[in-house]
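A.B. asks: In order, the protein sequences belong to chains C and L.
The first sequence runs 1 to 113 under the working numbering.
The second sequence runs 1001 to 1113 under the working numbering.
Even glycine gets a Cβ: it sits at the ideal position worked out from N, Cα and C.
Since the structure is predicted, the reported quantities are computational estimates derived from the model, not experimental observations.
Number of protein chains: 2
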Amino acid sequence: MSTKRPELRLKASAPIFAALGDETRLRLVIFLSAAGPSSTATLTANVDVTRQAVAKHLRVMKEAGLVSSVYQGRDSVWQIEPSQLEEAQRCIELISSRWDQALDRLRAMVEQE
Amino acid sequence: MSTKRPELRLKASAPIFAALGDETRLRLVIFLSAAGPSSTATLTANVDVTRQAVAKHLRVMKEAGLVSSVYQGRDSVWQIEPSQLEEAQRCIELISSRWDQALDRLRAMVEQE
DNA sequence: GCAACTGACAACCATTTGGTTGCACGTGGA
DNA sequence: TCCACGTGCAACCAAATGGTTGTCAGTTGC
């Protein structure tokens, strides 16, 4: 089976969560999700940090695969990469479902005694 | 409507993502999800850092509301708090859905021209 | 062509973070 | 009762992080 070792996928998931785990970055993603593809300058206008700080955050998210960029003339346009969001979602679902199963087992053991 | 200002909820979501955004912590959550409620010592036996480091991570996750602990004799037993996982999930879903809408709008604009 | 705009890169700084060791305290079993 | 075990707290440290300012290079428009 291809999902034999969930650990490996989850290990890869940590950077995605980390990328979402900063308030400024989360705000950038929110803005991107509402406004669609946007340039660094546009994004900078919507948060209260410098252009350079925004660029750093975008790079972090790009490395996590959360966003991608294309050049349009002199400005780079950023957009969300939904596949990594789905990956994070799957990860959470896996944890939740396994947790439910674990509690069921626990309950069964208690009843058995 | 009660969901008027998603920004506020999303601001609160950042710590949850941050709590999941560390490999050791993610591993702890994975273990908890598979094994059910576990003591600090049991958790320590399943990662390769010291007990104190594990305790720190658990505290971080507790403050994010991801896990909770109860005392059972001399050891504290930890378990997952599913509500915060759901919160994170809702957050991701919101981003995804808004992103889809944004792309639809963009597509409509392009077609209109 | 030149000034204004946009972005990349580098240096630097303060704070946070992930980890360690050491110590003290409470609990439980022999 | 006493010793081993499990936990919490504090001090400490190196590395990463989030932010800044400054400088340089490529685009755009007047």
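Strictly below 7 angstroms CB to CB, what residues from chain L border GLY36(C)?
C.D. replies: Result: ALA1102, LEU1103, ARG1105 and LEU1106.
A.B. asks: Strictly under 9 angstroms for the Cβ-Cβ distance: is GLU63(C) near chain L by that measure?
C.D. replies: No, its Cβ sits nowhere closer than 9 angstroms to a Cβ of chain L.
A.B. asks: Please classify GLY36(C) as buried or exposed, where buried requires at least 16 other C-beta atoms within 10 Å of its C-beta.
C.D. replies: Buried, because 16 or more other Cβ atoms sit within 10 Å of the Cβ of GLY36(C).
A.B. asks: For the region 9-23 of chain C, enumerate the residues whose C-beta is nearer than 9 angstroms to any C-beta of chain L, in chain order.
C.D. replies: If the cut-off is 9 angstroms between Cβ atoms, the region 9-23 of chain C has LEU10, LYS11, SER13, ALA14, PRO15, ILE16, PHE17, ALA18, ALA19, LEU20, GLY21, ASP22 and GLU23 near chain L.
A.B. asks: Report the neighbours of ARG59(C) on chain L: residues whose CB is nearer than 8 angstroms to its CB, in chain order.
C.D. replies: Result: empty, since nearest Cβ-Cβ is about 16 angstroms, beyond 8 angstroms.
A.B. asks: Using beta-carbon positions only, say whether LEU981(L) and LEU1106(L) come within less than 9 angstroms of one another.
C.D. replies: Because chain L spans 1001 through 1113 in this model, residue 981(L) falls outside it and cannot be assessed.
A.B. asks: Is it right to say GLN84(C) is buried, meaning 16 or more other beta carbons lie within 10 angstroms of its own, or is it exposed?
C.D. replies: Counting Cβ neighbours within 10 Å, GLN84(C) comes out buried, since at least 16 surround it.
A.B. asks: Among GLN72(C), ALA64(C) and ALA108(C), which residue has its Cα nearest to the Cα of ALA41(C)?
C.D. replies: The candidate whose alpha carbon is nearest that of ALA41(C) is GLN72(C).
A.B. asks: Closest Cβ-Cβ distance between SER68(C) and chain L: below 9 angstroms?
C.D. replies: It does not; no Cβ of chain L falls within 9 angstroms.
A.B. asks: So, for LEU1032(L): in the same chain, excluding its five sequence neighbours on each side, which residues have a beta-carbon less than 8 angstroms away from its beta-carbon?
C.D. replies: The answer, listed in chain order, is SER1038, LEU1043, VAL1067, TRP1078, GLN1079 and ILE1080.
A.B. asks: What residues of chain C sit near ARG1098(L), judged by a beta carbon separation below 7 angstroms?
C.D. replies: By Cβ distance, chain C contributes SER33 and ALA34.
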